[in-house]
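As given, the protein sequences belong to chains A and B, one line each in that order. Residue numbering for the first sequence follows numbering that gives the first Met the number 0, beginning at 0 and increasing consecutively. Residue numbering for the second sequence follows numbering that gives the first Met the number 0, beginning at 0 and increasing consecutively. All residues carry an ideal CB built from backbone N, CA and C; glycine is no exception. Please read all numbers here as calculations on a predicted model, not as lab measurements. Take a look at the structure below.
Number of protein chains: 2
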Amino acid sequence: MISERQCIDLIRQFSGSRDKEFLVRGIGDDCAVLKKDDADCLLLTTDTLVEGVHFDLAWHPPHLLGRKSAAVNLSDIAAMGGRPTACLLSIAFPDGVPSWFAEFMAGFSEVLREFDTLLVGGDTVRGRNDIVVTVTLIGEVKKATVCYRSGAQPGDLVWVSGPLGNGAAGLELCRKGLQKSYETATDLQQLVKAHLDPEPLVRLGAVLAASGLVHAMMDISDGLATDLAHLCKESGVGAEVRQDLLPVYEPLRLAAAALGANVLDWVLRGGEDYQLLFTSKAADENKLRRLAAEQSDRKIVAIGKIVEGQGVFLCRENERRDISYQGFDHFRG
Amino acid sequence: MISERQCIDLIRQFSGSRDKEFLVRGIGDDCAVLKKDDADCLLLTTDTLVEGVHFDLAWHPPHLLGRKSAAVNLSDIAAMGGRPTACLLSIAFPDGVPSWFAEFMAGFSEVLREFDTLLVGGDTVRGRNDIVVTVTLIGEVKKATVCYRSGAQPGDLVWVSGPLGNGAAGLELCRKGLQKSYETATDLQQLVKAHLDPEPLVRLGAVLAASGLVHAMMDISDGLATDLAHLCKESGVGAEVRQDLLPVYEPLRLAAAALGANVLDWVLRGGEDYQLLFTSKAADENKLRRLAAEQSDRKIVAIGKIVEGQGVFLCRENERRDISYQGFDHFRG
């Protein structure tokens, strides 16, 4: 057995260097970036969802699972500031293709249509035990505006695009059999939706990238503590997050109280938020806030700042605690 | 449960039409073909290999499994006459990343290097029960020379790039525990190699496409009877294959005799040959044969002809038997 770190090092070791003129950015960002022509780059990303690990059919309606399978990949394109163009779908089914696959495809293609993305290739193969969905997305982005994880600078503001922890809370509600609240008009509805049917922030990502004001960007899929640590590592900087600035959707507190869960745990360590995490000069704070509100109807939130050094620290009054990588681990679930 | 046919229709129904200027060819060929610029197209293909269905670690050394995972996808690029450029790898491991993953990566990247293809993105995720390997390849091809399945014309010769059935025989040898012959210098070595370490015919595919003499092309992954039926259906034609012309590697007969298997079954219905299947005008027979020999060191074999109508027929003396789609079915194994 080798660790996740060793594993990533191994993949990097065998992956392309920058020798090739057409490889702009390889392993280590939300998408691979290839040169298309002098002005444009191609974006490539792939994600695998495994039944029982990344989704559970006991509570995930096939239509929403189809939507989510597209959305989580679109989120990677959003994180680079790109525009999705085309998509490949590959699914392994252990016992033949179930009839609900029609609903899955309807949801999947619905989201692709919303973002003007074409399904250009699809395949089903025989699985053994588990249903496994793999989606590959291709997109485009102006070479001049593409946002990487690696551009954060000391003094930058750290931003998130909206409330954190909703996906984790929604998962917990589903696990407890409370997902039906999704169909009723309760306050918990948005939490369950965040898990079952997350929204990829493609428009916001493109607006932020086009502004030229964003230094570094990624999406939050493994929790803020882990993903901000990734961003910091790629940028060679550290970060301080102020606990009092973390955006929390009010019903999340109700859900935490009802389920005996810890709000801060969900907010810092919950996976699958699919919010955008980005940095900018402090001087651009108001400009960026206005841009996001006007062009993408989003209220973005500054939660801290980039500092010299390394590590991600949570600050509260006089406390300053290292929370780097304390998040969702794909191998612990 | 829905049939494989219904499933493909479903995927097609939701997939992109030709409306989009940039989609040259979607579902239904070895790769999706997207417009890159006025002269060139992008090729996209993805394939999923499931442990226990598409490979068995009991006899598949990790190094060769890595090689094969790259090769089967490169074969799809070869089938369009393309040049592979970049690759994404996604693997699900149920119990953390095993130490043999290093050997897998060495084999995988070895084959990519042979074909000047860069690994630009890679990811491991937690699986539940099975190891699942998904590879996505991107390639390029001149718009003027790309080969589709759909161009076959009545009167065309039907060609294959080499002996058939070796992959199926190799699998059977492995299942019977005879794979060690791979390491000794026996006649069976090539059969086991055909299963464990198939060669993607990228160079031959490019030579054939560039010649401008090939009307339709695909690779043989599900057996001749099934894949030729696909090619005929896409072209709106039928085919007659002459049994006496089918190329058989001599040791295949020995293996069939030893294992009590049927040679013709392996040749017509065996999956995973990864030979190229293509058609050309009969008048170009010698030109094409010479080209393949000189520029790719391959002895290509004409096995029959394209006819009006539909169906794939095996002809022997006065017999003419419909063998359409009698091959490897991904859902029957």
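Buried versus exposed call for residue i [16 or more other C-beta atoms within 10 Å across all chains shown]
| i | result |
| --- | --- |
| LYS286 (chain A) | exposed |
| GLY332 (chain B) | Residue placement at GLY332 (chain B) is poorly supported in this model, since its pLDDT is 35, which falls under 50; the coordinates still yield a value, given next. By the 10 Å Cβ count, GLY332 (chain B) comes out exposed. |
| GLY126 (chain B) | buried |
| ASN317 (chain A) | exposed |
| LYS304 (chain B) | buried |
| MET216 (chain A) | buried |
| ASP272 (chain A) | buried |
| LEU200 (chain B) | buried |
| GLU293 (chain B) | exposed |
| ASN261 (chain B) | exposed |
| ALA211 (chain A) | As written in the sequence, residue 211 (chain A) is Gly, which differs from the Ala given in the question. So GLY211 (chain A) ends up on the exposed side. |
| ASP36 (chain B) | exposed |
| GLY333 (chain A) | Outside the shown range of chain A, which is 0 to 332, sits residue 333 (chain A), and nothing can be said about it. |
| GLN178 (chain B) | buried |
| MET104 (chain A) | buried |
| ALA281 (chain B) | exposed |
| GLU249 (chain B) | exposed |
| GLY259 (chain B) | exposed |
| ALA254 (chain A) | buried |
| SER14 (chain A) | buried |
| ALA57 (chain A) | exposed |
| ALA228 (chain B) | buried |
| GLY237 (chain A) | buried |
| ARG319 (chain B) | exposed |
| ARG4 (chain B) | exposed |
Inter-residue CB distance, residue i and residue j (contact presumed, cutoff 8 Å)
| i | j | result |
| --- | --- | --- |
| VAL110 (chain B) | ALA70 (chain B) | 6 Å |
| GLY164 (chain A) | LEU251 (chain A) | 6 Å |
| GLN309 (chain A) | GLY161 (chain A) | Rounded, the Cβ-Cβ distance is 27 Å, inconsistent with contact. |
| ILE322 (chain A) | VAL311 (chain A) | 6 Å |
| VAL206 (chain A) | LEU290 (chain A) | 6 Å |
| SER149 (chain A) | GLU233 (chain A) | 4 Å |
| ASP129 (chain B) | PRO93 (chain B) | 7 Å |
| SER98 (chain A) | MET0 (chain B) | 6 Å |
| GLY121 (chain B) | ARG66 (chain B) | The Cβ separation is near 16 Å, so there is no contact. |
| LEU203 (chain A) | ARG297 (chain A) | 5 Å |
Contact set for residue i: own chain, Cβ-Cβ below 6 Å, skip 5 residues either direction
| i | result |
| --- | --- |
| VAL132 (chain A) | LEU48, SER68, ILE90 |
| VAL240 (chain B) | ILE302, GLY303, LEU313 |
| ASP75 (chain A) | ASP29, CYS30, THR44 |
| PHE54 (chain A) | LEU48, LEU64 |
| GLY169 (chain A) | LEU190, VAL191, ALA193, HIS194 |
| LEU244 (chain B) | ILE302 |
| GLU102 (chain A) | PRO61, HIS62 |
| ILE219 (chain A) | ASP226, ASP272, GLN274, LEU276 |
| ALA167 (chain B) | TRP265, GLY269 |
| CYS6 (chain A) | none |
Cutoff 8 Å; reference residue i; Cβ partners in own chain excluding five residues on either side
| i | result |
| --- | --- |
| LYS34 (chain B) | GLU20, PHE21, LEU22, VAL23, CYS40, LEU41, LYS142 |
| ILE10 (chain B) | ILE26 |
| LEU73 (chain B) | PRO83, VAL110, PHE114, THR116, LEU136, PRO199, VAL201 |
| GLN325 (chain B) | GLY222, ALA224, THR225, LEU267, ARG268 |
| VAL247 (chain A) | PRO162, LEU163, GLY164, VAL262, VAL266 |
| ARG315 (chain B) | ARG241, GLN242, ASP243 |
| GLU284 (chain B) | LEU156, ALA301 |
| ASP196 (chain A) | LEU63, ARG66, LYS67, ALA70 |
| ALA38 (chain A) | LYS141, LYS142, ALA143 |
Close-in-space but distant-in-sequence residues of the same chain around residue i (CB under 7 Å, 5 per side omitted)
| i | result |
| --- | --- |
| GLU113 (chain B) | none |
| VAL119 (chain B) | ALA85, CYS86, LEU87 |
| THR144 (chain B) | GLY80, ALA208, ALA209, GLY211 |
| GLY51 (chain A) | ASP129 |
| ARG288 (chain A) | ILE299 |
| VAL96 (chain B) | THR123 |
Next on the checklist: Which residues of the region 36-53 of chain A have a Cβ closer than 9 Å to any Cβ of chain B? Give them in chain order.
Outcome noted: ASP36, LEU41, LEU43, THR44, THR45, ASP46, THR47, LEU48, VAL49, GLU50, GLY51, VAL52, HIS53
Next on the checklist: Please list, in chain order, the residues of the region 113-126 of chain B that have any C-beta partner in chain A closer than 8 Å.
Outcome noted: LEU117, LEU118, VAL119, GLY120, GLY121, ASP122, THR123, VAL124, ARG125, GLY126
Checklist entry - Name the residues in the region 135-151 of chain A whose C-beta lies less than 8 Å from a C-beta of chain B; which are they? => result THR135, ILE137
Item to check | Short-range partners of chain B found in the region 212-237 of chain A, where Cβ spacing is below 7 Å | outcome: none
Checklist entry - Going along the chain, which residues of the region 85-106 of chain B sit with their C-beta nearer than 7 Å to a C-beta in chain A? => result ALA85, LEU87, SER89, ALA91, GLY95, VAL96, PRO97, SER98, PHE100, ALA101, MET104
Checklist entry - Any residues in the region 308-325 of chain A with a beta carbon nearer than 7 Å to a beta carbon of chain B? Which ones, in chain order? => result none
Checklist entry - Given a limit of 8 Å on CB to CB distance, which residues of the region 196-213 of chain B reach chain A? => result none
Checklist entry - Quick one, which residues of the region 246-278 of chain A are near chain B if we go by CB-CB under 8 Å, in chain order? => result none
Checklist entry - Along the region 282-308 of chain A, what residues have a CB closer than 8 Å to any CB found in chain B? => result none
Checklist entry - the region 63-79 of chain A: which residues have C-beta closer than 9 Å to a C-beta of chain B, in chain order? => result none
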